[in-house]
Structure formats: structure tokens, C-alpha cells
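A.B. asks:
Chains as they are written, first to last, in UniProt numbering: chain A, 1 to 469; chain B, 1 to 208.
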């Protein structure tokens, strides 16, 4: 679901860069996450081999996705769950709304799910007039603020504690008095508990779908998934079809990678495998369990060179380590998924034409690929979008003309040397004390930073002089 | 064509080879655990700031009520306990306690019996059954867990159950926590704020 309310990525990025509070907020959480992950990885034996294994498990599943999905479906049905299939986001929402209507649901407790955001589930529930209780603390914050997630692990990363405090004081029935983060979390606990227990339906995503048992695995640190999914009469899972693993033992190496990469913990506090609805004699658990398997572009990604991206386990490490994300935060990306993985996914989910800028918001420093627990070659995939955008004529005329002119000159060495020689002399005239504060046609750069004054002679001129000696 | 058939038609492939899937699990990379000293390995993980649990040790099951009373007194809580309807607890004398089976929305203290403890992570492994409800373990402020020392295993790979699965199989690794506001860790987000493990050294519990 792209955000079309603001005109372009460049405008959103400009606005983000001009926001003095945003960078502080992003830095506080992403900086902590980066440091904690580094400690966890240092303490883990042979993390590199573990990454290779995790990537191999996902590659195996993606290569045999059809048979594994059929096995999962059969196992889940045998355990008493109902399995639904959706090709598109709209189909998936329609299925969920039909289940909610059949259940006579007035309120739904949601445990944070990026797939739910991707298919527009919050909006669909609102349209259907069904009350929605976001139970993850960060999702609760952004629901109160009427905003969208800005990070896949910390959806309220863009908010400072001061902003959260003001929000809770305005919206909670008995808000915190003490100005501490602990007191704010307690305020949310008081506010949400009764709502969770009173919900008619609990909706979650899935971190893993276990093919041989039909189980759905969720992980949280707050325990909000269990509190949202055990009390209601109906549990609905919406999951991307790539979430399959062959068995619970295959989920274990993935869980080791997920927690360490996301938060720097050895494991999440709560890891639960739900297999079907309540059994005879059980004292709690839902009477109905529905699992909606969602494609929404994933089969197309597999067919069109983006199979590597289907390995993604949504840990958020790539964005925590991205120099661009750290400057502009998540909202500027405009899609459901921000950062490097979002810049690869959003054009696939929402179309390249309106999202071609995302692939350019990358320095290709390779940090995202280096920290990815399943070794997704994110810079390569981003370059793939750049090339596709060029081939399909989506790059703006000025860019095409500029590059065309450069290519024409660059294939004529004498002309190229003459041109660069003249340009160096002209640009040097603008320099003061080794720096250029303002350069015509490059205002986008010099508005925020100075450009170093070029050397008096080009590399080639200097090289040829040295050769003649 | 149904959505199901349309999706599956695009995902046609030969069935996965069981040997290939099994090979992906050969000699996994994982934190080293001293298999000859599982109890101290487990307790070391329990005490980590990320797990944040306390513990006590009892010699026999009949010592359990006194151990729980000791803990609740220290925490200034009344001797009121949400207790699972588990027949293995029959030898215990609960006369000092007010017991109930269903958890209140703001339950103070709940007892549960873990099937396994995992030394690698300090995790406690549970399954739902008619004698083991799940919700009380999440509603409560103080989660008190009985774990036989003999039930401490080395790695997460020891946790899965073979055969038909229970409705829920869940791993608890520490107290409920959140870092959702500025990345700052706060304990007791939605679930338990305190986790207290009581290790049972003798008198292994009979299997239910």
C-alpha cells in the first residue's frame, strides 16, 4: 500500500531531512539496535556459517514452495484449522472481513503483522465498521497518532518519548503521571488489557508456517500475541506464502538468526506454535482458527528474478544499518516496508513507475547485505530495479539526456579530456579555501554541504606528465 | 480457477527430497552448552539481563507451597495463587493459600509446570492440555514455574514434540518486555513482569 498522499519520494525525503526531531528519534532506536546486534553476533559461534544455513533453508523452501504449501494446508486442516488462499491484497482482506462478519465480530485485537499492513487490513476493518485494537505497544502508539509504521520491528521509531507522553496523556483514560518510559508502558498496559480480553476475533501474522504439522509460529517480546489470540473465539492468521519452513526443527536456526538480527537477543521472550483450534477439554484457546495464505505478488517475484528477496525474515537489520534510512526514517519510503528491503519490495508490490526513486536512495555501500541474516543481495537487487527503470524509459528526460550526452563525450577521449579540463578550470574559480559552497546545477548537493575544490589538473593530465619524466 | 489453484499452478515443482531437507539441519551453529552441567548452564542464562528471571531450588514436590509462599512474601504479595488443574500437584499441601483455577484479568500470581528447560537460552517449554491452560501464564504479574532439574535439556532442538501437536506449544524466555519507546527496555509490557523458576531436584514428577 503506497502512500500517495504526498507527491514523491524526493519531497518526502526533503521533508524528513528538514525535521529536526525525526533524526533524533530514529538515531536513538536504530543506534541502540545496531550496538546490541553487534554484541549478539560477536557472542555467536560462526555466524557466517549460520547465515549460509539460513539462506539455504529458505532457498530450499522457495524452490519447492508449491509442494510445501500443499503439505502445510493438509496438516493445518487435519489439525482443525480452515485454510484460505488469496492472490491479491483485496482478496485477502475480503476473506478476513467475511470471517469477521460470519463471527459477528464487533472488535478485533491485532497482533503486529507487516503482512496485515501490506494488504491494508487496518483500513479494511475500519471500512467494515469493526473496532480495531492494536496490541503491540508501538502499533498502539501509531494507532492513537493515526499514523503508519515507520519500521518493521519498531513501528513507532519516529516518535520521541516526549511525543509518546503527550499522546498517552491526551488519549488514555488513566495516563501515567511519572515522566518515565516505564510509566508510559504501564499506561498502555492498563489501557489495552480489557480491550484484548473483550475482542471477538484475534488477528495475527506468522513468522513461520510449519509444513509438516500445520502450525503457525509467532514471536513477540511483549506477550501481546498470546493475549490477543488466546481469548477471542476466532483466530485469523494472514501470512505470506514465503513464510513456510519444512518442520519445527527448521524453524529453530531461523529463530536464532531472527532475534539476534532484530534486537540482539538470543531468542524472543515468547515463541508460540499454534496448531489448529481449541481441543476437547482445553480450558482456553479459540474455537475457530483460519489461515489466509497470501500471494500478493510473491509468485511473480519468484518468476521475475526476485526469488532471493523471498528469503527475507523481516528482522529489520538492513534498515538499522542503512545510512539513508538513518537520515530520513521509514515514512519517506512511502510503502509498507522501508529501508533497503522496502526499496526492493515496494516496486514489486506497488509498481516501479511510482517507486523508481527508491532504488536510487542507496549508496551501494553494501552494509545491508553484510548484516542480512539470510544473505539477500540487496544492492544487486536495487541495481536491478535501476536497470529496469532505465530500460522501461521511466527515468526522467533530464537524466536520460544528461547520461546520453556523457556517454557520447566519454567515447571520444580527446573531446572528453578537453571538456573536463575546461570544467575543472571553471569550477575552481568558484572555490574558496579548498571548498565550493555553491555550484550551479548542483544546488541539491551544495545546499546541505560544501563540495571539495577539484585539483588543478585531471588525473589523466598528471599521469601523462609523470609518464613523460 | 480458484485462488488456490492459480497460486499452486505458478509454483509447480518436483516434491522436495526428504534427505535434502534433513541435510539442512546437520550440525547446526549454536551457542556451546556444557552437557555435563546443564543445571548451572540453565541458571546462568536465566540470570541474564535479557531473561531477567529469579530462581529457587527445592528437594521434593511437597516443598513447593513453602517455596511459593517464600517468594510471594518477599514480593509483598498475598498467598493467592492461580493453580493449574494438574494432578501431579496433588501431593502439595496448599492450606496456607487461596487457590483458583481461572486467572483474573489482573491476576497477581500463577503457577505453571514446564515440560522442559533449555540451557542454551534459559527458555521454559510448555504445551496446552486440559490440565495446562495457557492464558493464566500471560495475564499474571508474577509467573512462577516449576521445573524438574532432570527436565533441563541442552538446546532448542530438544524442544519439539514428535507426532501429533498440542493446540499450542510455547517457549517462554524471560519476562514480558518492550523496547518500543526509543529502544529503551521496559519489563512487564503486557504479560508477566516477574518470572520465578523453582527447580525441583528430587522426586521427578510422574508423566501425565
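Built from N, CA and C at the ideal position, the CB exists for glycine as well. Bear in mind the structure is a predicted one, so any value in this text is a computation, not a measurement.
Give a yes or no on whether the minimum CB-CB distance between residue 21 (chain B) and chain A is below 8 Å.
C.D. replies: Flagged as an interface residue toward chain A: residue 21 (chain B), by a C-beta distance shorter than 8 Å.
A.B. asks: Look up residue 82 (chain A) in the DSSP assignment and give the residues it is bridged to.
C.D. replies: A:290
A.B. asks: Between residue 211 (chain A) and the rest of its own chain, which residues show a CB-CB distance below 6 Å, the 5 nearest in sequence each way excluded?
C.D. replies: 68, 71, 72, 244 and 246
A.B. asks: Please report the straight-line C-alpha distance between residue 79 (chain A) and residue 271 (chain A), rounded to a whole angstrom.
C.D. replies: 20 Å
A.B. asks: Determine the DSSP secondary structure at residue 100 (chain B), reduced to helix, strand or coil.
C.D. replies: The answer is strand: DSSP assigns residue 100 (chain B) an E or B state.
A.B. asks: What's the call for residue 208 (chain B), buried or exposed, on a 16-neighbour Cβ count within 10 Å?
C.D. replies: Residue confidence for residue 208 (chain B) is low, a pLDDT of 48 falling below 50, so the modelled location carries little weight and cannot support an answer.
A.B. asks: What residues in its chain sit with their C-beta under 6 Å from that of residue 123 (chain B), if we drop five residues either side in the sequence?
C.D. replies: The beta carbon of residue 123 (chain B) lies closer than 6 Å to those of 171 and 173 in the same chain, with the five residues before and after it left out.
A.B. asks: Answer yes or no: does any C-beta atom of chain A fall closer than 8 Å to that of residue 138 (chain B)?
C.D. replies: yes
A.B. asks: Which complete alpha helix (DSSP H) runs does the UniProt domain "LUD" (113 to 200) of chain B hold, if anything under 4 residues is left out?
C.D. replies: 136 to 139
A.B. asks: How do the region 135 to 143 of chain B and the region 97 to 107 of chain A stand: do at least 3 beta-carbon pairs fall below 8 Å, yes or no?
C.D. replies: no
A.B. asks: If you run the structure through DSSP and keep just helix, strand and coil, what is residue 26 (chain B)?
C.D. replies: coil
A.B. asks: Is residue 239 (chain A) close to chain B? Criterion is C-beta to C-beta, closer than 8 Å.
C.D. replies: no
A.B. asks: Out of B:25, B:60 and B:120, which has the shortest C-alpha to C-alpha gap to residue 473 (chain A)?
C.D. replies: Because chain A here runs from 1 to 469, residue 473 (chain A) falls outside it and cannot be looked at.
A.B. asks: Do the region 134 to 142 of chain A and the region 152 to 161 of chain A make contact, defined as three or more Cβ pairs closer than 8 Å?
C.D. replies: yes
A.B. asks: Using only alpha-carbon positions, find the residue among A:375, A:94 and A:466 that is nearest to residue 49 (chain A).
C.D. replies: Restricting attention to A:375, A:94 and A:466, the CA atom closest to the CA of residue 49 (chain A) is found in A:375.
A.B. asks: Given a cut-off of 8 Å, decide if residue 176 (chain A) and residue 166 (chain A) are closer than it, judged by their beta-carbon atoms.
C.D. replies: Cβ atoms of residue 166 (chain A) and residue 176 (chain A): not closer than 8 Å.
A.B. asks: Sort out for me which residues DSSP pairs residue 452 (chain A) with in a bridge.
C.D. replies: A:435
A.B. asks: Just to confirm before moving on: does the CB-CB distance between residue 115 (chain A) and residue 205 (chain A) stay below 8 Å?
C.D. replies: yes
A.B. asks: Using 10 angstroms around the beta-carbon of residue 321 (chain A), count the other beta-carbons present and answer buried if the total reaches 16, otherwise exposed.
C.D. replies: buried
A.B. asks: Are the CB atoms of residue 42 (chain B) and residue 226 (chain A) nearer to each other than 8 Å?
C.D. replies: no
A.B. asks: Does chain A have any CB closer than 8 Å to the CB of residue 184 (chain B)?
C.D. replies: yes
A.B. asks: Taking 8 Å as the CB-CB cut-off, is residue 75 (chain B) touching chain A?
C.D. replies: no
A.B. asks: Would you kindly check if the distance between the Cβ of residue 109 (chain B) and the Cβ of residue 232 (chain B) is under 8 Å?
C.D. replies: In the structure as shown, chain B starts at 1 and stops at 208, and residue 232 (chain B) therefore has no counterpart that could be examined.
A.B. asks: Going by beta-carbon coordinates alone, are residue 283 (chain A) and residue 16 (chain B) separated by less than 8 Å?
C.D. replies: no
A.B. asks: Determine the extent of the alpha helix (DSSP H) in which residue 52 (chain A) is found, giving its start and end residues.
C.D. replies: 47 to 63
A.B. asks: By the three-class DSSP mapping on this structure, what secondary structure does residue 475 (chain A) have?
C.D. replies: This structure cannot settle anything about residue 475 (chain A), because the visible part of chain A is limited to 1 through 469.
A.B. asks: Counting only beta-carbon atoms, is residue 178 (chain B) nearer than 8 Å to chain A?
C.D. replies: yes
A.B. asks: Just checking my contact of residue 241 (chain A) with residue 96 (chain A) at CB under 8 Å: how many whole Å lie between their CB atoms?
C.D. replies: In fact, because the Cβ distance is near 16 Å, the residues do not count as touching under 8 Å.
A.B. asks: Between the Cα of residue 137 (chain A) and those of A:387, A:42, A:14 and A:196, spot the shortest distance and give me the residue it belongs to.
C.D. replies: Measuring C-alpha to C-alpha distances from residue 137 (chain A) to each of A:387, A:42, A:14 and A:196 identifies A:196 as the nearest.
A.B. asks: Within 7 Å: the Cβ of residue 40 (chain A) and any heavy atom of the ligand HEM?
C.D. replies: Ligands in the displayed structure: none, and consequently the ligand HEM is not present.
A.B. asks: If you measure from the beta carbon of residue 408 (chain A) to each beta carbon in chain B, is any gap under 8 Å?
C.D. replies: no
A.B. asks: According to DSSP, is residue 56 (chain B) part of a helix, a strand, or is it coil?
C.D. replies: In this structure, residue 56 (chain B) counts as strand in the three-state DSSP scheme.
A.B. asks: Cα separation between residue 24 (chain A) and residue 95 (chain B)?
C.D. replies: Approximately 56 Å between the Cα atoms of the pair.
A.B. asks: Mind listing, in chain order, the continuous alpha helix (DSSP H) runs of no fewer than 4 residues lying wholly within the region 344 to 400 of chain A?
C.D. replies: 367 to 371 and 378 to 391
A.B. asks: What's the C-alpha gap between residue 221 (chain A) and residue 88 (chain B)?
C.D. replies: 30 Å
A.B. asks: Which class does residue 40 (chain B) belong to by DSSP, given the choice of helix, strand or coil?
C.D. replies: helix
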